[in-house]
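First up is the structure itself, then whatever we jot down about it.
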Amino acid sequence: MSNFKAVGSRLLQLALVLWAVVTILFLMFRLMPGNPMAAYIDPTFTLEQQQQLMAQFGLDKPLWQQYLIYLGNLLQGELGQSFRYREPVGQRIWILLPNTLILTFSSLIIAYAFGILAGAYLAWRRGSWVEQAAIPMVLTTRAMPEFWLGMVLLAIFSFSLGWFPAGGTRDPGAEYSGLLDLYTSRDFLAHLVLPAATLAIYSQGLPLLLMRSNMLDVMKEDFVTMARIKGLSNWTVVVRHAARNALLPVMTSFAIAVGYQLQGNVVVESVFSWPGLGRELVNAVAASDYPLAQGAFLMIALVVILMNLLADMLYAILDPRVSHA
Amino acid sequence: MTEAFLSVRNLRVSYQVGRNFVHAVDGASFDIPKGSITGLVGESGCGKTTVARALTRVIADNATISGGQILFNGKDLARIPEKEMNALRWRDIAFIPQSAMNSLDPVYTVEYQLGEVLRRRGGMSRAQARKRSEELFDMVGIDPGRLTDYPHQFSGGMRQRVAIALALALDPKLIIADEPVTALDVIVQRQILDQLKELQTRLGLSVILVTHDISVVAYICDRTVVMYAGKVAESGSMQAALTAPSHPYTMGLRNAFPDLQGAASGVLTPIEGAPPNLANPPTGCRFKPRCPFALDLCGSEPPVVDVAPGHPVLCHRASESAALRIEAAKTETWMARA
């Protein structure tokens, strides 16, 4: 019963956060300098034609009315028309979102899987030469800018060695019968390797260092000492007790990392010409295509909010103290 | 005195602190007879917990057993290879920790943690482990229905019972209890101690009970080992330690605690001062700076004197202990030093 209540209040919270995001987005774009129509309306249009267009997009109405229309449309899943593409924003985003999600999750899952294992290992090998060599290396990967790393990878593996394609999601001219067909093709995966590697290398430092320091803390806990006094094997002590407990905060950081990564994607998607939401967002802002930019922002915010919800639920599953609280 | 089945001889445990070595236990010797409860008492930092942990050989990373012997079942636990030691752990020597909250893994049910020991260390099947877990919960007076609960769902006293059940899991020969009731309120303390005593008698266990609380020792122990500054000041039967304490430190401890049966028998007299810094211990008798009976000769290493059979005392004036006891009973004796 209390579980239903918890989920209910959590969903209400989620709705409130979404509403706040939507409102801020709405106001933000209206506070930006320049007339949104400038990019869209040809200067040779007569004033009447201009006003007609403004009316067509509802831009002649007072702000509060625009806001209500905007909210009403959102509730119906209507994100408006892109100024630039002259097609519904929703349709545009629908094409790009999977690319961004695939890139984000594939890179993050690799980064976290590696980071968690390596972090646990380094904590276990505390004080050894392996640890002393590895920590500066990890810090270096954290310090490298993503765009620079991306370009270096491109220079080596694409331009010099020719192992991987330089950009996009598919070879020119390649046709696929459906999205699933595309995403499972060798072609797509080959295109995915370099951008995903860039993001993975950039992101593995956080889970690695977090896991390592958590492990070092947990290894000092009484229950780990007790596990040793019980004569349990090293593996059981380190993995089942220490690592299992050290993992909890890392899981939360995963959700936060997804949000962070979506921002990072803006850079990496641009470097690798990856047709994702991030690159589109940059282009849309540059072209003052406000409905599209607004839609892209909203989509990113939605993913972040959902990931946070997921993290909370995951935490409750992983840590019995939370679910019983 | 019955046969000693655990015999600690000149045990020395050193902690490396920077470049220095601190001998937290510096030549401790005592015997644990079979089927008894021995109280290991002393102030914080006297080395009692270090001794207890050294017996399991799970000690801090910067600690080493740098000398002496731990004779158990014909083996020297200070010397046997790690693999052999690990085989002994929990099957022969189990441990009840001070804080059962922190010593139970928060993310697993109690049943899992009992099962882990029963199956991995005891070689039981899932069904056997389940049955044994229920049996153990019955023994310590918890409803076996609570096996599937997580540690945080138990109260402090219950958790300590769980810790006892865990310690009993594989029928160990020796149980080391490190301040098992210190974190609990007095009423629960008594319940847990009664339970421990009852189980010890019924199962014929040998228990080492580490505590700073001499009233706990008096309540359930048969024997006592009094430690001071890394050395054993005095050891012997409970009777001897209570009625005829022969080391001035033991006499001081007696005055510093309320009377055991609850009767307010007068003023409590603290021992002034604090235990010495073990990085730089005083020469000669380590209790000398706080001892109201210290003489010049106490500046030299004190001898171990057997004031009675099985009652060794580490004191120059052990032979005068009867006279000193009369002086020690007076509050002024201890105040004069301050």
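Chains as they are written, first to last, in the working numbering: chain H, -13 to 311; chain W, 6 to 343. By construction, the Cβ of each residue, glycine as well, lies at the ideal position given by its N, Cα and C atoms.
Backbone CA spacing between residue i and residue j [nearest angstrom]
i: W/S49; j: W/H217; result: 7 Å
i: W/A168; j: W/L123; result: 14 Å
i: W/P263; j: W/A223; result: 11 Å
i: W/S326; j: W/P250; result: 8 Å
i: W/I197; j: W/I213; result: 15 Å
i: W/H28; j: W/N67; result: 12 Å
i: W/Q133; j: H/S219; result: 21 Å
i: H/L83; j: H/G262; result: 6 Å
i: H/Q280; j: H/Q247; result: 19 Å
i: W/D148; j: W/F142; result: 6 Å
i: W/D190; j: H/F283; result: 57 Å
i: H/I10; j: H/E132; result: 28 Å
i: W/C290; j: W/N15; result: 16 Å
i: W/R195; j: W/C320; result: 34 Å
i: H/R307; j: H/A(-8); result: 15 Å
i: H/I95; j: H/L185; result: 11 Å
Coil, strand or helix - residue i by DSSP
i: W/M232; result: strand
i: W/P286; result: coil
i: W/T344; result: This structure cannot speak to residue 344 of chain W, because chain W is shown only from 6 to 343.
i: W/P38; result: strand
i: W/A268; result: Residue confidence for W/A268 is low, a pLDDT of 48 falling below 50, so the modelled location carries little weight and cannot support an answer.
i: W/V145; result: coil
i: H/Q67; result: strand
i: W/S242; result: strand
i: H/R78; result: helix
i: H/K(-9); result: helix
i: W/C51; result: coil
i: W/G128; result: coil
i: W/V112; result: coil
i: H/Y53; result: helix
i: H/E207; result: coil
i: H/Y188; result: helix
i: H/L218; result: coil
In DSSP terms, what residue i is bridged to
i: W/H28; result: W/S19
i: W/P317; result: W/D311
i: W/V237; result: W/M232
i: H/P151; result: Paired residues: none, contrary to the question.
i: W/I180; result: W/A99, W/V212
i: W/L76; result: W/S12, W/D81
i: W/V46; result: W/T216, W/V231
i: H/A270; result: Paired residues: none, contrary to the question.
i: W/A92; result: The partner list for W/A92 (beta bridge, DSSP) is empty, contrary to what the question assumes.
i: W/A33; result: W/L16
Short CB-CB distance (under 7 Å) between residue i and chain W
i: H/K206; result: no
i: H/I88; result: no
i: H/P306; result: yes
i: H/G217; result: yes
i: H/R214; result: yes
i: H/H177; result: no
i: H/R198; result: no
i: H/R230; result: yes
i: H/F209; result: yes
7 Å Cβ cutoff, residue i in contact with chain H
i: W/P185; result: no
i: W/P314; result: no
i: W/A268; result: Its pLDDT being 48, under 50, W/A268 is placed unreliably by the model, and the measurement read from it follows with that caveat. No - not a single Cβ of chain H is within 7 Å of the one on W/A268.
i: W/W339; result: no
i: W/Y155; result: yes
i: W/S108; result: yes
i: W/P102; result: yes
i: W/N67; result: no
Proximity test, residue i beta-carbon vs the ligand ADP heavy atom, cut-off 6 Å
i: W/R228; result: Among the ligands in the structure shown, none appear at all, so the ligand ADP cannot be discussed.
Proximity test, Cβ basis, 7 Å: residue i and chain C
i: W/P275; result: Of the chains in the structure shown, none is chain C; the protein chains are H and W.
Between the stretch 165 to 181 of chain H and the stretch 70 to 90 of chain H, are three or more C-beta pairs nearer than 8 Å? yes
Contact the stretch 293 to 302 of chain H vs the stretch 225 to 237 of chain H: 3+ CB pairs below 8 Å: yes
Segment contact flag, the stretch 226 to 233 of chain W with the stretch 241 to 256 of chain W, C-beta cutoff 8 Å, min 3 pairs: yes
Three CB pairs or more closer than 8 Å across the stretch 209 to 225 of chain H and the stretch 185 to 200 of chain H: no
I want to know whether the stretch 194 to 212 of chain H touches the stretch 41 to 54 of chain H - three or more CB-CB distances under 8 Å. no
May I ask you to verify whether the stretch 17 to 31 of chain W touches the stretch 187 to 204 of chain W, counting CB pairs closer than 8 Å and requiring at least 3? no
Would you call the stretch 154 to 163 of chain W and the stretch 113 to 123 of chain W touching, i.e. three or more CB-CB distances under 8 Å? yes
For the 8 Å Cβ check, are there 3 or more pairs between the stretch 130 to 143 of chain H and the stretch 110 to 118 of chain H? no
Taking contact to mean 3 or more Cβ pairs, one atom from each stretch, closer than 8 Å, check whether the stretch 92 to 107 of chain H and the stretch 280 to 291 of chain H are in contact. no
Does the count of Cβ pairs from the stretch 103 to 111 of chain W and the stretch 73 to 90 of chain W closer than 8 Å reach three? no
Under 8 Å: do the stretch 37 to 50 of chain H and the stretch -6 to 6 of chain H share three or more Cβ pairs, one atom per stretch? no
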